[in-house]
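A.B. asks: Residue numbers for the sequence shown follow the working numbering, so the first one is -16 and each next one is one higher.
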Amino acid sequence: MKRLFEAKGNEAKAKSFDNFGNYSFGMKEHIDIPGVKYDPQIGILGLDIAITLSRPGFNIRFRSKHKSKIGKSHIITKKEAQDFLTEEFGIQVV
């Protein structure tokens, strides 16, 4: 993920975050990622990247037996997701 953020200039648009801890962005060319070289057999590809942040215990929504809802205090907010990416990856939210 660090290489993807470096390719975007370590900046994230605030509108790319939703209210549930998800962040998504796109890249026009995969060769913008540091360390990736151009391969003529592949050509140039664009990417859509989606990142979902979760806390321990979030899997109760998806298990097959005894599914349960996540409490409001346990849901990751937009602000918490922005703060996490700022602290862990040095991303500046614009």
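All residues carry an ideal CB built from backbone N, CA and C; glycine is no exception.
Note that this is a predicted model, so its numbers are computed, not measured.
Curious, which full-length beta strand (DSSP E) runs of at least 3 residues does the segment 2 to 66 contain?
C.D. replies: You should have 5 to 10 and 30 to 35.
A.B. asks: Note down, in chain order, each residue of its chain lying with its Cβ closer than 6 Å to the Cβ of Lys59, except the 5 sequence neighbours on either side.
C.D. replies: Note that residue 59 is Ile in the sequence shown, not Lys. So the list reads Gly4 and Leu36, once near-sequence residues are dropped.
A.B. asks: By Cβ distance below 8 Å, which residues in the same chain neighbour Arg44 in space, the five residues on each side in sequence not counted?
C.D. replies: The answer, listed in chain order, is Lys50, Ser51, Lys52 and Ile53.
A.B. asks: Taking the alpha helix (DSSP H) that Phe(-12) belongs to, which residues open and close that run?
C.D. replies: Element bounds for Phe(-12): Lys(-15) to Ala(-10).
A.B. asks: Out of Gln24, His57, Gly29 and Ile27, state which residue places its alpha-carbon closest to the alpha-carbon of Gly40.
C.D. replies: It is His57.
A.B. asks: How many Å lie between Pro17 and Lys48 at the Cα?
C.D. replies: When rounded, the distance between both Cα atoms is 43 Å.
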